[in-house]
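First the structure, in the form of structure tokens, and then the observations on it.
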Amino acid sequence: MENQLYLSSSPHIHNGETTDQVMRKVIYALVPASLVSLYFFGLPALSVLLICTLGCMVFEALSCWLKKIPQTLADGSAALTGILLALNLPPSSPWWISLLGAAIAILIGKQVYGGLGHNPFNPALVARVVLLISFPVQMTNWTAPAPLTSGFDAVTTATPLGEMKTAVMLTGKLPALAQSGFSDYLLGNMGGCLGEVSALALLLGGVYLLYKKIISWHTPVAFIGTVLVLGGIFWAIAPEKYPSPLFHLVTGGLILGAFFMATDMVTSPVTTKGMLIFGCGCGLLTLLIRLFGGYPEGVSFAILLMNAATPLIDRFCRPKIYGQRPAKA
Amino acid sequence: MKSALKNLKSFAGGLHPPDGKHFSAGKAIEICPLPEELVIPLAQHIGAPAEACVEVGALVKKGSPIAKAKGFVSVPIHASTSGEVIAVEPRLHPMGKHLPAVVIKPDGKDLWDDSLTGADPQDLNAAELKNRLQAAGIVGLGGATFPTHVKLSPPADKPIDTLILNGVECEPFLTADHRLMLEETERIFDGIDILRKILGITRAVIGIEANKPDAIELLTARGAARQIEVQALEVKYPQGAEKQLIDAITGRQVPSGTLPMEVGVVVQNVGTCAAISDAIRRGHPLVERVVSVTGPALVEPKNLLVRIGTSLQFLVDQCGGLNGTAAKIIMGGPMMGQTQLSLDVPAIRGTSGVLIFRQQDLPRYEAGPCIRCGRCISVCPIHLQPTSIAACARLDMIDQAAGYHALDCIECGCCTYICPATLPLVQSIRYAKAAIMAQKRTT
Amino acid sequence: MFASILTLGGIGLFAAVALGVAAKKFAVEIDPRELAVLDALPGANCGACGMPGCAGYAKAIVDGSMAPNLCTPGGSEAIEKIAQIMGVEAQSAEPQVAVVCCQGDNQKATLKYRYLGLYDCNAAQKIADGPKTCPGGCLGLGSCVRACPFDAIEITAAGLAVINRDKCTGCQKCVAQCPRSVIHMTPRLAETHVLCNSTDKGAQVRKYCQVGCIACQICKKNAPEAYQIENFLARVDYSHAAAAAAVAEKCPTKCIRDFSHGYPDGSSYGVPTPEKLRGEAV
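Chains as they are written, first to last, in this note's numbering: chain G, 4 to 332; chain X, 44 to 486; chain F, 10 to 291.
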């Protein structure tokens, strides 16, 4: 009878949390924001969410089949990328934009580099930025929120950041909406991508991730903190040209980016010191693009640029190993 | 006592695996009866294995030497009971191979060797005490089995000022040291005094984790009059690792690549202290030790006082056998213990525990790609980057692995425990360390 | 408009002149034979010759510090070409290819324990001397596959390494990796080999492997000059390869394999090309 005992190297216990459980928890954290987007944008939002998520999963399965390796759908990362991508698209996106985005995110953003763990850039953001640059019209076609209960059809509108950029470029001054209406922005009653609208729902998800120790506080705090501090400095200098830090906080993709995109483990630094630098860099770039750049929203570009800097940050932020502190008395 | 528990010290890094102590923490040490056969391997310690000095047919008494030490970094091996030597041949060793061993059939009388005599430590100087320790086969009982007399002989340019006693027992499931501290306090304290005499120092601190409040209370109270301090430590694995223990208690960090003597400290396990006391006062060599036979698979987990050479099968039988089929047999704790090929291996001097896991007690294992979550880096007590070292090992990039300080790894297992991709990080790092050492030998 | 034409034209001219000067000033003298030799080498950078890459070996050949016949992957073809370039006589050694001397896959050989851990033979060997009961048998975890620069080794579904004799160039990287020394070099022309690596006594071998050599000596009795038995293990004497082939079928455990009838069970390689086996160009 063959020996049925297992032999392995130590350790022989594990804390039980595996990759698929981590991905699943992030998906749970995105549920409040997804539900809010369904409430404000209705069926179009549902179609975007479904096509992106299922599309990503199909393309992942296809890649594994083509590469002749075991299927990786079970680790949940494709579904997560799909949901994140959907939350980065406008609610009026045609089906082919969602599908194309899914293909770009999985095939170009992830599989080409070797699959999970090997991609240098956040796949959902790669797809969003490629779509934004290739199809600027469809990607900036915003609908006003029409809560499911109100029975209105979709009405085109602009995002608060978009309005701000246009107004500042044309008149050099902030529009009225940049100085008030924050409660609307907080709850989600504004134009924008599916995931940009409700800061509250996103914060709920972010707090859940922090509580479950899926992410650490360093990146979000550094990111948002930098935006608030720098935004505050500019606002103090010229309040008629630059909006208040609070405006920066609740509009655009800042909270989505800080809690869900910049914290993507694969593409961000591995040490806490590195995460702080990463977050600060993201915050700085976001603010510069928002205030002085050509695009109204800078979060996606800022995160992608900092993704590129991640290997460098990791190289210079190696922890100081035990045994290098001089002996105390 | 409350203040002792409030003033908890610790180190950076580490994690909190589930205790598992409840299986055997409340069980007083039970004397394990003599088995039918004792298989005593000649390689039970760090350093050169001992050389057999008995032949088949020889009659031995308890404590008679059956193998001589080979060189300075070595100790002799002794018969664990009186009886007849029935074989001197290779037998299955806990390391997974067949290695030379002396097999004794007990005669049931269990008589000590008459030539063994105790002495009063006051009458002996440091050198004489150390010689007696070597002759008694005393090695570190925390699991490393380093010959104690060597540890107590630092070179003159490395002065020692602190003796730290390791009563931490941070590995889950193991409770042998805990019970020993509660039940054999006097012998431990006596051992500490002998150690202090050998080293010529006065400061002795016992480190105990806060999950053993009864031990902390007892030893603090009794130690006060003997100038033995007790430092309560935060419950965290691997607090009992030498470097982390020294850092927590003294605030000093042992420089990379050196030993604790570099920062003026010597660390000894509390079990070793008790063995030292027996060796000097009663002249008894190391022939038995406390082993926690525990884990969810045993009908009745226990802390047994086991004779060296008793088979694990016999120990499991003493604990009422298994409820289920064994899937993994671990000698030691679950974080750093060694898996065994069968229960027909003997308990040796370094056996602090025996754990049995069934299929349902094993963790899930399907190694996926590293997702760069950084958890291994945040839990590493040496602040290394385990995932980077493992990646270098997988790609055979040995120089880069050395650049990540792979040799500083203490193989505690924290990184592998926490890795969501269930990567075998410790195994990869061990591979890298072996490759680096091989490279060093050839250049 | 003129300004931009002039500016860009000026930059282009400046760059061209700078590059031309640099090409002359910083030119490296290369012996033209070096490039020709490099061309003749297979370009796999496998390290069989002892140099880390083909470029290094080409340089060493041309400046005379290394012999021109060390490239086993290049074979006689490369050696002849190099000899022609260097103006010396070609001296090629008999081509050797590697063979895994084991047929004990999971169906035919027992395991000592169930291994959990790194999918690597060297790592598994460190845990209680490897999961296979047979101390010399192939572990099938693929260290050799990863070491082979020519993609000439596969692991069958039942966990046995098999080397493709057509693709193997004899660089010996797999031999260096294998912790059980189960891979041996054999003449490419020889078709018959004893695929066992165990030096245990026959009775022991029978317990842990259905296709292991039990040193029954039937092969040696039928072809005394073709087989040597040493340490309870038969080995083919390749100077009498034809005689060895004739008695291969008589082996009771079927551990002697005639590769002209195909590779070990489970392999996807089919049959080695007869011409290649005979060393002829295809």
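Even glycine gets a Cβ: it sits at the ideal position worked out from N, Cα and C.
Open item on the list: What does the Cβ neighbour count give for H17/G, buried or exposed, with the cut at 16 atoms within 10 Å?
Closed with: Around the beta carbon of H17/G, a 10 Å sphere encloses 16 or more other beta carbons of the protein chains shown; the residue is thus reported as buried.
TODO: Have a look at the DSSP bridge pairing and note the partners of L125/F.
DONE: According to DSSP, which records beta bridges pairwise, L125/F is partnered with S11/G.
Open item on the list: Taking only three categories from DSSP, how would you classify N131/F?
Closed with: Correct three-state label for N131/F: helix.
- [ ] Work out the CA separation of L28/F and F295/G for me, nearest whole Å.
- [x] Using only the alpha carbons, I get a separation of about 39 Å.
Task: Segment limits, beta strand (DSSP E) that includes R266/F - done: For R266/F, the enclosing beta strand (DSSP E) begins and ends at 265-267.
Task: C-alpha distance - E260/X paired with S395/X, whole-angstrom precision - done: About 24 Å.
TODO: Kindly indicate if chain X contains any beta-carbon less than 8 Å away from that of P123/G.
DONE: So, not an interface residue.
Task: Inter-stretch contact (C-beta, 8 Å, three-pair minimum) for the segment 354-372 of chain X and the segment 72-81 of chain X - done: Yes, they touch.
- [ ] Run the CB neighbour count on I249/X, radius 10 Å, all protein chains shown included, and call it buried at 16 or more, exposed below.
- [x] A residue is called buried when at least 16 other Cβ atoms come within 10 angstroms of its Cβ; I249/X meets this threshold and is buried.
Task: When Y128/F, A212/F, A137/F, G145/F are compared against R155/F, the one with the closest alpha-carbon - done: Residue Y128/F is the option with its Cα nearest to R155/F.
TODO: Answer with buried or exposed for N173/F, where buried requires no fewer than 16 other C-beta atoms within 10 angstroms of its C-beta.
DONE: Classification for N173/F: buried.
- [ ] Please go through the same chain and pick out, in chain order, the residues whose beta-carbon is closer than 7 Å to the beta-carbon of G338/X, but skip the five residues on each side of it.
- [x] Short of 7 Å from the beta carbon of G338/X, and not among the five residues preceding or following it, lie these beta carbons of its own chain, in chain order: F66, F216, P344, L398, I399, F400.
Open item on the list: Measuring straight from C-alpha to C-alpha, what distance separates A118/F and D404/X?
Closed with: Counting only the Cα atoms, D404/X lies some 29 Å from A118/F.
TODO: Mind checking who Y280/X pairs with in its DSSP beta bridge?
DONE: By DSSP's assignment, Y280/X forms a beta bridge with L58/X.
Open item on the list: By DSSP's criteria, T146/G is part of a beta bridge. Which residues make up the other side?
Closed with: DSSP lists T159/G as partners of T146/G.
Task: Close beta carbons around E409/X, own chain, < 8 Å, minus the five adjacent residues each side - done: Excluding positions up to five away in sequence, the list reads T465.
- [ ] Use the C-beta contact count for V37/F: other C-beta atoms within 10 angstroms, 16 or more gives buried, fewer gives exposed.
- [x] Exposure of V37/F is indicated by the presence of fewer than 16 other C-beta atoms within 10 angstroms of its C-beta.
Open item on the list: Within a Cβ cutoff of 6 Å, which residues of the same chain sit near C177/F, ignoring the five residues on either side of it in sequence?
Closed with: Shown here for C177/F: same chain residues with a beta carbon closer than 6 Å to its own, the five before and five after excluded, namely V106, A107, A161 in chain order.
Task: C-beta contact flag for V330/X and N346/X at 8 Å - done: Contact flag unset, no.
Open item on the list: Let's see if you can read the secondary structure: which residues bound the beta strand (DSSP E) around A247/X?
Closed with: Element bounds for A247/X: 246-252.
Open item on the list: So, does the segment 14-25 of chain F touch the segment 448-467 of chain X, judging by three or more C-beta pairs under 8 Å?
Closed with: At 8 Å Cβ cutoff, the stretches do not touch.
TODO: Buried or exposed for N487/X, please, with buried defined as at least 16 other CB atoms from any protein chain shown within 10 angstroms of its CB.
DONE: Examination of residue 487/X is not possible in this model, given that chain X is present from 44 through 486 alone.
Task: Proximity to D204/X [Cα-Cα], best of L102/X, M304/X, F189/X, P429/X - done: For the residues L102/X, M304/X, F189/X, P429/X, the minimum Cα distance to D204/X belongs to M304/X.
Open item on the list: In this structure, how does DSSP classify H251/G when only helix, strand and coil are distinguished?
Closed with: Residue state, collapsed to three classes: helix.
Task: Which listed residue (G411/X, G185/X, G161/X) has its alpha carbon closest to that of R324/X - done: When only C-alpha atoms are compared, the closest one is G161/X.
- [ ] With a 10 Å radius around its C-beta and 16 neighbouring C-beta atoms as the bar for buried, classify A292/F as buried or exposed.
- [x] Chain F is shown only over 10 to 291; residue 292/F falls outside these bounds and no answer can be derived.
Open item on the list: Buried or exposed for G279/F, going by 16 or more other Cβ atoms inside 10 Å?
Closed with: By the 10 Å Cβ count, G279/F comes out exposed.
Task: Where the segment 112-124 of chain F meets chain G: residues whose CB sits under 8 Å from a CB there - done: For the segment 112-124 of chain F, which is checked against every Cβ of chain G, the residues closer than 8 Å are T119, L120, K121, Y122, R123, Y124.
Open item on the list: Which residues in chain X have a C-beta closer than 8 Å to the C-beta of E243/G? List them in chain order.
Closed with: Result: empty, since nearest Cβ-Cβ is about 43 Å, beyond 8 Å.
Open item on the list: On the DSSP bridge list, what partners appear for R134/X?
Closed with: For R134/X, the beta-bridge partners assigned by DSSP are L142/X.
Task: Inter-stretch contact (C-beta, 8 Å, three-pair minimum) for the segment 20-34 of chain G and the segment 119-138 of chain F - done: Here the segment 20-34 of chain G makes no contact with the segment 119-138 of chain F; the two share fewer than three CB pairs at distances below 8 Å.
Task: CA-to-CA distance, L53/G to V133/G, given in whole angstroms - done: Distance between V133/G and L53/G, taken at the CA atoms: about 20 Å.
Open item on the list: Here's a check: name, in chain order, each residue in its chain whose Cβ is nearer than 7 Å to the Cβ of P467/X, leaving out the five neighbours to either side.
Closed with: Cβ neighbours of P467/X beyond the five flanking positions: A410, T459.
Task: F23/F, buried or exposed, once every other Cβ within 10 Å from all chains shown has been counted against 16 - done: When all chains shown are included, F23/F counts as exposed.
Open item on the list: At a CB distance below 9 Å, what residues from the segment 127-140 of chain F approach chain X? Give them in sequence order.
Closed with: Of all residues in the segment 127-140 of chain F, only L127, Y128, D129, N131, A132, K135, I136, A137, D138 place a beta-carbon less than 9 Å from a beta-carbon of chain X.
Open item on the list: DSSP has T195/F in a bridge; who is on the other side?
Closed with: The partner list for T195/F (beta bridge, DSSP) reads V106/F.
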